[in-house]
Every structure is written in structure tokens, then in C-alpha cells.
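Trainee:
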Amino acid sequence: MKEVVNTIKTNELRGIIVKNGLSQSDVAAKIGITPKTFYEKMKIGVFGSDEIQIMIKELHIEDPMAIFFADE
Numbered sequence: 001m002k003e004v005v006n007t008i009k010t011n012e013l014r015g016i017i018v019k020n021g022l023s024q025s026d027v028a029a030k031i032g033i034t035p036k037t038f039y040e041k042m043k044i045g046v047f048g049s050d051e052i053q054i055m056i057k058e059l060h061i062e063d064p065m066a067i068f069f070a071d072e
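The sequence shown: position 49 = 49 (the working numbering), numbered continuously.
(1) So I54 packs on I31, CB below 8 Å; how close in whole Å?
(2) To the nearest angstrom, report how far apart E12 and K19 are at their CA atoms.
(3) With H, G and I counted as helix, E and B as strand and the rest as coil, what does DSSP make of T7?
(4) Identify the residues that DSSP records as bridge partners of V46: which are they?
(5) Taking buried to mean at least 16 other C-beta atoms within 10 Å of its own C-beta, is K41 buried or exposed?
(6) Below 8 Å CB to CB, which residues in the same chain sit around H60 once its five sequence neighbours on both sides are set aside?
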């Protein structure tokens with residue numbers, strides 16, 4: 001089964017990470033990837049749907065559509 005990939009608004013995601021008192025390394029651990037991989041994904045703005053689901057839950061994101069599925 002192929003995983004769905006979504007381009008995200010990384011600046012907004014960084015703000016939410018900080019608002020939750022976490023680092024990008026903390027979020028990487030929560031979604032089960034290395035910090036290096038997380039930084040690479042943030043650089044290109046692409047995460048898998050499973051990773052997005054975890055971030056929505058763990059970061060208490062109220063409007064995921066605006067960050068993960070909005071048109072640029």
C-alpha cells in the first residue's frame with residue numbers, strides 16, 4: 001500500500017511545535033523518525049499521512065487543514 005504524501009506549511013508547523021514547548025527533535029521522536037530525517041522533511045515540506053496523523057494528535061493541532069492540506 002502506497003503512503004499518501006502531503007506538502008505542508010513548515011513555518012506554521014514550527015510555530016505550533018514551539019507553542020507546545022517542544023523541539024523538532026522531540027517531534028521526530030514522537031513520530032518515530034530521527035531528528036535528521038525530520039529536518040530533511042521540514043526542509044522540503046513533505047511528511048507521510050501517518051506522520052501527519054501523529055503530529056495532529058501530539059501537537060493538539062486544531063485546524064490541520066490549514067497547515068497540512070492548504071493550497072500554497
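A virtual CB, placed ideally from N, CA and C, is assigned to each residue, including glycine. Quick caveat: nothing in here was measured; it's all calculated off a predicted structure.
Mentor: In brief:
(1) Taking a contact as a CB-CB distance under 8 Å, the pair I54 and I31 counts as one, their CB atoms being some 5 Å apart.
(2) Rounded to the nearest whole angstrom, the CA to CA distance from E12 to K19 is 11 Å.
(3) If DSSP states are grouped into helix, strand and coil, T7 belongs with the strands.
(4) Beta-bridge pairing links V46 to T7.
(5) The residue is buried, with at least 16 neighbouring Cβ atoms inside 10 Å.
(6) The residues are N20.
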